[in-house]
Amino acid sequence: MSETTGNALLLPIKRHQIAFLLAILCLLLTGVFGWAAYMQWRQNVVAQKLEQARDGAVVSLRQVLSGQVRQLQNVLQRPAIVQALSGGNTTVAAAAIREQFPGAEKVQVLPDDLSAAYADVARSGYARLGLMEAALGGDGVKAWVVRDGTQTGLGMAVMVKLGQVPAVVYLCLPLGGLISALEAIDVPDSTYLALRQGSYTVVERGNAALANGGEVLAKPLGWVDLRVAAALPQLETVLLDLGLVPSLIVTGMCVLLVVILVLVVRGHVVLPSRRDAQVANTKQLTLRESLEQEAQVRVAVLKEESTAASSPSLHLQTGSASVVQPSLFHTWDIYGVVPRELTPAAARLIGQAIGSAMQAKGLREIVIGRDGRLSSAELSAALSDGLRHAGCDVVNIGLVPTPVVYFAACHLDVGSCVAVTGGHHPPDYNGFKIVIGGEVLSSEAINDLYRRIADGRLHVSVDPGRLNERDVVGDYIQRIADDVQLNRPLKIVADAGNGAAGEIVPRLFEAIGADLVSLYCDIDGTFPNRHPDPGEPDNLKQLMQMVERSDADVGIAFDGDAGSLSVVTRQGRIVLSDRLLMLFAADVLQRNPGALVIYDVKSTSKLSDYVLRNGGSPLMWKTGHSLIKTKMRETGAELAGEMSGHFFFKERWYGFEDALYAAVRLLEILAQHEDHPSEVFAALPDAYSTQELKQPVEGDAQALVRSFIEEVQRGGEGTLFDGARLSTVDGLRADFADGWGLVHASDIAPALVLCFEADTQVGLERIQSAFRTQLQALLPDQRMIF
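Reminder that position 193 of the sequence shown reads as 193 in UniProt numbering, one-by-one numbering, no gaps.
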């Protein structure tokens with residue numbers, strides 16, 4: 001038998017062997033994907049049961065709350081109670097209500113000035129006070145969980161008439177009814193169910209290890225600030241993150257392939273031979289052509305091997321770009337709405353992208369911390385997973401203000417950190433502030449993280465990074481207390497706004513010798529008492545009231561992560577941030593003559609003159625905390641500040657924005673003056689100014705600003721901007737002899753941001769008119785808001 005004939009006989013055997021091996025492989029895949037489909041089905045069943053349990057809990061809890069509210073309403077309508085309230089005696093009225101409402105642990109009737117509640121606020125807490133204020137400001141009974149003194153209970157408050165004046169009835173009830181309602185619910189095995197208010201868990205059932213993921217399936221009770229949180233265990237066995245239907249489809253395809261291949265092996269299906277096609281090819285390759293073809297194949301293989309060898313740590317993750325939305329990546333940091341834009345899956349990929357950027361710079365260790373938002377714990381855990389997946393060692397410092405995260409990176413000599421925080425944004429926002437190797441990420445560096453994810457250029461480490469936990473809050477407070485001690489005690493009201501600074505504020509101000517009245521220092525990620533942005537005047541009303549009531553020297557409000565602050569006087573005046581920067585600059589320049597002071601384009605023109613008169617060098621720069629920090633690093637500036645209330649001290653500190661440290665430095669300055677703080681603030685230069693105005697626009701706001709700049713620069717003598725000094729550092733700022741105006745694109749929304757200031761009201765209106773006329777020409781069909 002010839003060799004050719006032998007090979008021909010062997011070909012069917014080889015094909016049948018290959019078919020047999022493929023059948024085994026498909027059978028294995030059938031099992032894998034079939035198991036994945038089964039696990040998904042089982043997970044869906046558990047999810048349905050958990051949602052039923054959650055919905056049942058919501059119904060039961062609503063019934064308990066509604067019953068207690070109806071009971072209070074009925075009690076207040078009884079003749080004995082009506083008569084007691086009509087008499088105008090709070091003690092008699094409270095005693096009558098307590099007698100008619102068995103089970104109430106505390107009953108109070110207070111006039112609408114709430115003076116007794118304010119006087120007792122240090123002991124009984126702000127939750128009770130906030131509940132009373134809410135009852136006076138709205139209709140019907142208000143109810144939420146309160147910590148009243150040493151006990152925690154369900155507080156209820158309602159406005160009534162005490163004689164002829166408005167008053168509020170307050171009750172504190174045991175939590176037993178709510179706890180029993182949740183404990184009566186049948187919770188599926190290995191799942192988690194909890195009753196929560198803000199960051200406080202009233203009662204929880206099931207696997208407490210799933211607590212961080214409880215907000216994904218959370219459902220509010222409705223008219224009260226309570227919700228039922230629920231969480232499923234993570235499904236580890238799902239292959240390639242396929243859902244139930246795709247897994248079933250793949251399983252079916254594998255079964256079909258197994259059947260076909262078995263038929264091939266048994267000879268029921270004959271595979272076509274390529275011998276005829278080879279014979280039909282009349283052009284035979286010469287030896288040289290054969291060698292050239294073999295060489296080309298060999299070179300191609302070598303190129304593939306070389307590419308693989310040169311980048312062993314890169315892992316292409318298809319579909320990553322769809323998980324992480326580009327809208328998350330802004331000029332200053334990464335943030336978005338949870339879970340519409342920002343999810344744990346996105347946080348994990350962002351963590352891996354940050355870790356990949358660190359690996360490219362030869363860095364390995366990073367600090368992470370989080371604020372008190374409801375989504376922060378879960379996002380922080382996912383971020384940590386991504387960082388460790390990229391081979392980075394993570395130091396988790398837990399729930400802390402953002403400045404403490406920055407401090408930890410310096411204090412622990414790590415140099416890299418991520419703060420999981422929504423900053424001053426509403427409660428449903430969250431995001432990341434990032435430092436890599438001492439460099440604050442902004443603009444292109446942030447966009448590069450998205451490109452890494454979209455391109456799949458993510459580092460995957462064979463050995464995941466380690467996870468360590470550290471507590472640096474004590475070190476942070478001690479470091480500040482070693483730097484600042486007040487010359488004389490000042491009475492201050494500090495409003496943490498239920499943000500991440502809440503637990504640090506009392507300890508810090510006590511450590512430096514201040515007489516502190518705390519306001520909303522219990523951390524609550526729902527921010528029930530005010531919006532986390534103290535830059536809005538409406539969010540400072542309660543602080544102003546407390547400063548006046550307590551006869552304090554000054555009031556200080558912090559944003560959600562203590563990155564920025566606002567200051568109010570005893571007279572209810574808001575001290576603008578650029579005026580605070582004047583005080584800081586004068587103080588720093590005493591010890592550092594000629595030092596550079598950076599301020600943003602929204603600051604008063606009087607700041608530059610003030611810095612010069614105090615022997616410093618002023619520099620105006622772009623708005624944005626990350627952009628300011630980068631400029632400080634480039635120039636070696638000792639101090640910087642923004643109109644948003646962010647302050648950056650390099651002198652005696654680390655150069656990052658820190659509202660807690662800025663507040664301490666402010667108190668140090670005020671304590672050194674003999675004058676009252678209100679007089680110190682009143683002595684600073686003043687002017688007529690507007691708040692930050694946001695003009696909504698359609699399309700590209702950046703392009704519109706560029707057009708605005710071109711039109712203004714094209715104008716000559718006699719035009720609206722004739723004689724103005726134009727600056728295009730960030731948008732267009734026009735400085736006139738008696739004031740200035742600014743327009744630049746918002747980084748948050750499709751809008752233009754405008755600010756105006758002048759020495760007189762007439763000058764202010766003239767400058768506004770110049771900007772309005774120029775802008776209206778570019779937007780002829782749009783109404784101007786100023």
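Glycine residues also receive a C-beta, built at the ideal position from the N, C-alpha and C atoms.
(message) Helix, strand or coil, according to DSSP, for A229 in the structure here?
(response) strand
(message) Please return the same chain residues whose Cβ sits closer than 7 Å to the Cβ of G130, not counting the five positions on each side in sequence.
(response) Only P528, N529 meet the Cβ criterion.
(request) Less than 8 Å between the CB atoms is what I'm expecting for S564 and A659, so what's the real figure, rounded? (result) 5 Å
(message) Just to confirm my understanding: we take L490, look at its own chain, exclude 5 residues before and 5 after, and list those with CB closer than 8 Å. What are they?
(response) Sequence-distant partners of L490 (beyond 5 residues in either direction) whose C-beta falls short of 8 Å from its own C-beta, in its chain, are A514, D515, D553, V554, L667, L670, A671, P677.
(request) Locate the beta strand (DSSP E) running through A419, then write down its first and last residues. (result) 417-420
(request) Name the residue from V324, G415, S461, V460 whose alpha carbon lies nearest to the alpha carbon of L453. (result) First, the residue type needs correcting, since residue 453 is Ile and not Leu in the sequence shown. Closest by alpha carbon: V324.
(request) For the alpha helix (DSSP H) holding P506, just list the boundary residues, first then last. (result) 504-511
(request) Ignore the nearest five residues each way along the sequence and tell me which others in A445's own chain have a CB closer than 7 Å to its CB. (result) Once the five neighbours on either side are set aside, A445 has no close Cβ partner at all.
(message) Less than 8 Å between the C-beta atoms of D495 and F558, yes or no?
(response) Yes, the Cβ-Cβ distance between D495 and F558 is below 8 Å.
(request) Determine which residues share a DSSP beta bridge with M159 and list them. (result) V168
(message) Rounded to whole angstroms, what is the Cα-Cα separation between R783 and L752?
(response) 13 Å
(request) Determine the DSSP secondary structure at L10, reduced to helix, strand or coil. (result) Model confidence at L10 stands at a pLDDT of 45, short of 50, so the residue's coordinates are unreliable; what they give is reported in the following sentence. Looking at L10 - three-state DSSP - the assignment turns out to be helix.
(message) By DSSP's criteria, T152 is part of a beta bridge. Which residues make up the other side?
(response) Residue pairing for T152: DSSP places it in a beta bridge opposite R147.
(request) Measure from the alpha carbon of P403 to the alpha carbon of each residue in N89, R196, A500, G206, then state which is nearest. (result) A500
(request) Flag A167 as yes when its Cβ comes closer than 7 Å to any non-hydrogen atom of the ligand GTP, and as no otherwise. (result) Ligands are entirely absent from the displayed structure, and the ligand GTP is therefore not among its contents.
(request) Count the CB pairs spanning the segment 594-608 and the segment 617-629 that are closer than 8 Å, and state whether there are at least three. (result) Put simply, the segment 594-608 touches the segment 617-629. At least three CB pairs are less than 8 Å apart.
(message) Need the endpoints of the beta strand (DSSP E) that K491 sits in, please.
(response) 491-495
(request) Compute the Euclidean distance between the alpha carbons of V547 and V493, then round it to the nearest angstrom. (result) 6 Å
(message) Within 8 Å, do at least three Cβ pairs link the segment 136-143 to the segment 533-542?
(response) no
(request) Report all residues from its chain with a CB closer than 8 Å to the CB of L162; omit the five preceding and five following residues, and keep chain order. (result) Hits under 8 Å: L85, G88, T90, A93, V109, P111.
(request) Provide the residue(s) that pair with Q695 in DSSP beta bridges, ordered along the chain. (result) BP columns for Q695 point to L752.
(request) With DSSP as the reference, label R783 as helix, strand or coil. (result) coil
(request) Tell me whether H411 sits in a helix, a strand or coil according to DSSP, three-state version. (result) helix
(message) Measuring only the C-alpha atoms, how far is G355 from Q695?
(response) Between G355 and Q695, the C-alpha separation is close to 38 Å.
(request) Report, in whole angstroms, the separation of the C-beta atoms of M420 and L379, which I expect to be a contact under 8 Å. (result) Note that residue 420 corresponds to Val in the displayed sequence, not to Met. Yes, V420 and L379 are in contact; Cβ-Cβ is about 5 Å, under 8 Å.
(message) Tell me which residue opens and which closes the beta strand (DSSP E) that S566 is part of.
(response) Segment 565-569, the beta strand (DSSP E) holding S566.
(request) Quick one: give me the first and last residue of the alpha helix (DSSP H) that V395 is part of. (result) No alpha helix (DSSP H) holds V395; the beta strand (DSSP E) holding it covers 393-399.
(message) Please report the straight-line C-alpha distance between G502 and D522, rounded to a whole angstrom.
(response) Their Cα atoms are separated by approximately 6 Å.
(request) Report back the beta-carbon spacing between I477 and L508 to the nearest angstrom; my notes put them in contact at under 8 Å. (result) 5 Å
(message) Three Cβ pairs or more, each shorter than 8 Å: is that satisfied between the segment 56-66 and the segment 181-188?
(response) Contact holds: three or more Cβ-Cβ distances are below 8 Å.
(message) Just to confirm the assignment, what range does the beta strand (DSSP E) spanning K622 have?
(response) K622 -> no beta strand (DSSP E), and no H or E assigned at all.
(request) Check L516 in the structure and name its three-state DSSP category. (result) strand
(message) Which of the three DSSP states is assigned to E215 in this structure?
(response) Coil.
(message) List, from N- to C-terminal side, the beta strand (DSSP E) runs of 3 residues or more that fit wholly inside the segment 464-491.
(response) If we require 3 residues or more, the beta strand (DSSP E) runs fully inside the segment 464-491 come out as 467-469.
(request) Look at the alpha carbon of F721 and the alpha carbon of V472, and state the distance between them as a whole number of angstroms. (result) Using only the alpha carbons, I get a separation of about 53 Å.
(message) Quick check on Q234: does DSSP put it in helix, strand or coil?
(response) coil
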